[in-house]
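Participant: Next up is a structure, given as structure tokens.
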Amino acid sequence: MNPLAMMMFLTSLAIGTTITLSSHHWLLAWIGLEINTLALLPIMTKTPHPRAIEAATKYFLTQATASALMLFSCLINAMQAGEWDINTPSNLMTNSLSIAIMMKLGLAPMHFWLPEVLQGISLVTGLILSTWQKIPPMILLFQISHNINLSLTVILGLTSILIGGWGGIGQTQIRKIMAFSSIGHLGWIIIILKLNPQLSLFNFILYTIMTTAMFLSMIMLSATKMSQISTSWTKNPALTTTTMLVLLSLAGLPPLTGFPPKLLIIMELIKQNMFISATLIMLASLLTLFFYLRLTYIIALTLSPNTHNSTIWRTPTKPWLVFSIINTMALTLLPLTPAILLT
């Protein structure tokens with residue numbers, strides 16, 4: 001793709017996100033989401049492959065449906081309340097609006113588009129879709145969290161955690177595994193949204209950091225399948241080791257960065273006397289843990305017979321400084337959790 005065109009699309013992504021984040025008007029927020037969607041479509045199809053075209057078509061149709069439902073809900077709210085302010089949604093439109101935003105995020109049971117779309121695009125575009133594109137809808141959910149239906153968030157959160165674990169078990173494609181991982185993590189974020197929005201925001205920030213670190217690792221290893229990961233140790237031992245640790249962090253094992261949000265969410269649910277929900281999400285998270293541990297096993301305990309004597313990393317032109325900072329944050333933020341939550 002022409003670098004000038006690429007820069008224009010990335011700038012449009014940033015502008016759309018900024019409009020949504022800074023708006024107090026539902027119509028402006030909707031316009032920002034539309035700019036985001038339309039800017040990502042050409043980036044998805046920068047490699048003219050049938051899978052990429054199919055992924056872009058599925059993404060467009062899903063986002064257009066969610067946008068139509070969102071605009072319809074906002075119109076009902078404007079008719080009832082006489083205003084377009086984001087902080088005053090009526091009870092009638094909150095449920096439909098929440099479902100529209102959750103469809104944009106890819107929460108279960110509106111998740112069917114996410115694994116297929118992520119599988120059909122490149123790793124770099126997958127990184128944008130899994131992190132940057134989730135920021136505007138998530139911020140809108142935070143803004144209406146005080147009016148959102150608790151039963152809706154708990155049911156969709158539990159469903160997403162269960163499907164995120166169940167769907168990822170039989171996958172061999174890393175992008176599909178990351179898609180189901182994203183669904184599961186979004187379930188953890190949504191289930192606590194009504195009760196503690198600050199904790200949801202904390203979880204979302206850590207999810208973004210860990211997912212970015214994982215996608216950057218895959219980009220640098222040029223790996224899209226499990227079979228390619230199994231031969232990465234001979235190419236780059238240090239990078240393979242940090243990739244394994246990032247996977248364990250995504251699984252939520254202590255003492256890594258992914259552990260504190262899960263612990264704090266379970267503690268919050270217990271504090272709210274939601275013992276059944278806490279038990280169910282802990283049991284459902286074991287499914288997710290299985291495929292993370294399977295990936296870790298493939299990285300750490302399988303070795304290709306075609307070894308070599310090279311002692312230097314083969315990709316010296318990669319942005320190692322950025323990658324090192326992101327990886328460090330994805331592994332070592334556990335001691336800083338109290339300070340982060342107090343800010």
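Here full-length UniProt numbering is used: position 60 in the sequence shown is 60, and no number is missing along the way. Beta carbons are placed, not taken as given, at the ideal position from N, Cα and C, and that holds for glycine.
(1) Can you round the beta-carbon distance between L158 and S277 to whole angstroms, since I take them to be within the 8 Å contact cut?
(2) How many whole angstroms separate the CB atoms of S73 and A39, which I take to be in contact at a CB cut-off of 8 Å?
(3) Per the contact definition of three or more C-beta pairs closer than 8 Å, is the segment 137 to 157 in contact with the segment 190 to 198?
(4) Compare the beta carbon distance of W30 and L71 with 7 Å and say whether it is the shorter of the two.
(5) Please report how far the alpha carbon of P316 lies from the alpha carbon of L123, in whole angstroms.
(6) Candidates M274, W26 and E116: which alpha carbon is nearest G82's?
(7) Starting from K46, follow the alpha helix (DSSP H) in both directions and report where the run begins and ends.
(8) Compare the C-alpha of I43 against each of G168, I76, I299 and A5 and name the closest.
(9) Where does K225 fall in DSSP's three states?
(10) Along the chain, where does the alpha helix (DSSP H) containing Q272 start, and where does it finish?
(11) Between the C-alpha atoms of R294 and P3, what's the straight-line distance to the nearest angstrom?
(12) Tell me which residues share the same chain as G168 and place their Cβ nearer than 6 Å to its Cβ, disregarding the 5 neighbours each side in the sequence.
(13) Three-state secondary structure (DSSP) at I25?
(14) Given this structure, state the Cα-to-Cα distance separating L118 from L41, to the nearest angstrom.
(15) Going straight from the alpha carbon of M7 to that of W113, what length do you get?
Facilitator: The structure says:
(1) Position 158 of the sequence shown holds residue 158. Position 277 of the sequence shown holds residue 277. Sure, about 7 Å apart at Cβ, within 8 Å.
(2) Working through the sequence shown from its first residue, we reach residue 73 at position 73. Working through the sequence shown from its first residue, we reach residue 39 at position 39. About 24 Å; that fails the 8 Å criterion.
(3) Taking a cut-off of 8 Å for Cβ pairs, the segment 190 to 198 and the segment 137 to 157 touch, as three or more such pairs fall below it.
(4) Translated into positions along the sequence shown, residue 30 becomes position 30. Translated into positions along the sequence shown, residue 71 becomes position 71. Taking 7 Å as the Cβ cut-off, W30 and L71 qualify as a contacting pair.
(5) For the purposes of this step, residue 316 is taken as the residue at position 316 of the sequence shown. For the purposes of this step, residue 123 is taken as the residue at position 123 of the sequence shown. Caution applies to P316, whose pLDDT of 47 falls short of 50 and renders its modelled position unreliable; the value that the coordinates give is listed next. Each residue's alpha carbon lies about 19 Å from the other.
(6) Indexing the sequence shown from 1 puts residue 82 at position 82. Nearest of M274, W26 and E116 to G82, Cα basis: W26.
(7) Within the sequence shown, the letter at position 46 stands for residue 46. Element bounds for K46: n/a, residue is neither H nor E.
(8) Within the sequence shown, residue 43 is the residue found at index 43, counting from 1. Selected option, being the one with the closest Cα: A5.
(9) Start at 1 with the first residue of the sequence shown, and residue 225 comes out as number 225. In this structure, K225 counts as strand in the three-state DSSP scheme.
(10) Taking the first residue of the sequence shown as 1, we reach residue 272 at position 272. First-last for Q272: undefined, no H or E at that position.
(11) For the purposes of this step, residue 294 is taken as the residue at position 294 of the sequence shown. For the purposes of this step, residue 3 is taken as the residue at position 3 of the sequence shown. R294 and P3: Cα-Cα distance of roughly 39 Å.
(12) One-based indexing of the sequence shown puts residue 168 at position 168. Result list for G168: I177, F180 and F291, in chain order.
(13) Position 25 of the sequence shown holds residue 25. Residue identity differs from the one stated: residue 25 is His in this sequence, not Ile. Secondary structure of H25 (DSSP, three-state): strand.
(14) Position 118 of the sequence shown, counted from the start, is the residue given in the question as residue 118. Position 41 of the sequence shown, counted from the start, is the residue given in the question as residue 41. About 13 Å.
(15) For the purposes of this step, residue 7 is identified with residue 7 of the sequence shown, where counting begins at 1. For the purposes of this step, residue 113 is identified with residue 113 of the sequence shown, where counting begins at 1. Going by the C-alpha atoms only, they are around 27 Å apart.
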